[in-house]
Amino acid sequence: MSHVPAVEFRRVSKRYGSYEVLKNIDLSVGAGERVVICGPSGSGKSTLIRCINQLETHHAGEILVHGQRVDGGPSDIRRVRQMVGMVFQQFNLYPHLTALENCTIAPVLVRRLPTKEAQEIAMRHLDRVRIADQAGKYPHQLSGGQQQRVAIARALCMESKVMLFDEPTSALDPEMIAEVLDVMVRLAESGLTMICVTHEMGFARQVADRIAFMDRGQIVEVASPATFFTDQSNERTRAFLSQIL
Ligand code: ADP
Ligand code: MG
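Heads up: the sequence shown is residues 1 to 245, going by the UniProt record's numbering.
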């Protein structure tokens, strides 16, 4: 493991207008580490991870990705998005492109790979999420679970060092949640750095090195799963878990 953290927040704050959505966040995620972020709706989880790849910009403090400061400038955004892949709750696939094309468009346009090479990489990642046989289909021809697996493959195709997941299973019907979590568990085993917002506590218990609990714009507690689930020193964490477990 490298000594330079994969992602580091140093006293990061963010406002929407006068509303302070992130308050003085400090968090360091090591290369290869898997961190699960949970907490009540509206606590700032999406904003936190969207700041990493600059889908949102922070107002104060510093965010570093593999030691390089993310400052929101145009060349910086391009660089950081090549290092950081993201999977969204609503999949966000391009509806007019096939699964394979969804996976090759950014590598061809952004990484400037030859189409054939991008296709080979895409098929490898589609196979990794067990959906290579659906490569020619359009999103509307796929189930939600299949679409989300294509979205994961698409993010992997940028060969990012860090993967962000924002509630990747919460838009799925219950019977499809397992197939997506299953893929994510196997990714976690492959040594990728993962920061995952989810309320799937079984997943958190199985793969997380640490679990961070957010409330009202702050990280209230960070602990190993063993500690998090058995020894909640924090009352807000306890109240949250009693609602979802
Ligand atoms: P979570 O993902 O934990 O549910 P979010 O990061 O989405 O929380 O949102 C945190 C807070 O910021 C919420 O109160 C939300 O209403 C507010 N918020 C999120 N996005 C915006 C925005 N673009 N403009 C103004 N307020 C926002
Ligand atoms: Mg959210």
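A virtual CB, placed ideally from N, CA and C, is assigned to each residue, including glycine.
Say the cut is 7 Å; is the CB of residue i nearer than that to a heavy atom of the ligand SAH?
i          : result
residue 23 : Among the ligands in the structure shown, the ligand SAH does not appear; only the ligand ADP and the ligand MG can be found there.
What does residue i pair with, by DSSP beta-bridge criteria?
i           : result
residue 19  : 16
residue 46  : DSSP, once it has assigned bridges, lists no residue as partnering residue 46.
residue 109 : The partner list for residue 109 (beta bridge, DSSP) is empty, contrary to what the question assumes.
residue 62  : 10
residue 215 : 218
residue 103 : BP columns for residue 103 are empty, so no partner.
residue 164 : 86 and 195
residue 210 : 35
residue 29  : 7
For residue i and residue j, what's the separation of their Cα atoms in angstroms?
i           : j           : result
residue 103 : residue 207 : 26 Å
residue 36  : residue 128 : 22 Å
residue 70  : residue 62  : 7 Å
residue 210 : residue 28  : 11 Å
residue 109 : residue 219 : 37 Å
residue 7   : residue 187 : 18 Å
residue 48  : residue 22  : 7 Å
residue 59  : residue 113 : 35 Å
residue 215 : residue 131 : 37 Å
residue 100 : residue 32  : 27 Å
residue 138 : residue 118 : 18 Å
residue 280 : residue 52  : This structure cannot settle anything about residue 280, because the visible part of the chain is limited to 1 through 245.
residue 39  : residue 122 : 34 Å
residue 87  : residue 147 : 11 Å
residue 30  : residue 81  : 18 Å
residue 16  : residue 44  : 11 Å
residue 41  : residue 223 : 20 Å
residue 125 : residue 133 : 12 Å
residue 225 : residue 50  : 24 Å
Pick helix, strand or coil for residue i, following the three-state DSSP scheme.
i           : result
residue 234 : coil
residue 24  : strand
residue 54  : coil
residue 157 : coil
residue 136 : coil
residue 226 : helix
residue 76  : helix
residue 121 : helix
residue 4   : coil
residue 69  : strand
residue 37  : strand
residue 129 : coil
residue 200 : coil
residue 187 : helix
Are the beta-carbon atoms of residue i and residue j separated by less than 8 Å?
i           : j           : result
residue 107 : residue 158 : yes
residue 229 : residue 205 : yes
residue 56  : residue 116 : no
residue 66  : residue 12  : no
residue 154 : residue 180 : no
residue 176 : residue 85  : no
residue 83  : residue 190 : no
residue 25  : residue 54  : no
residue 91  : residue 151 : yes
residue 20  : residue 217 : yes
residue 89  : residue 166 : yes
Taking Cβ positions only, does residue i come closer than 8 Å to chain D?
i           : result
residue 181 : Absent from the structure is chain D; it holds one protein chain and no more.
Check whether the stretch 167-183 touches the stretch 197-206, counting contact only when three or more Cβ pairs, one atom from each stretch, lie closer than 8 Å.
-> yes
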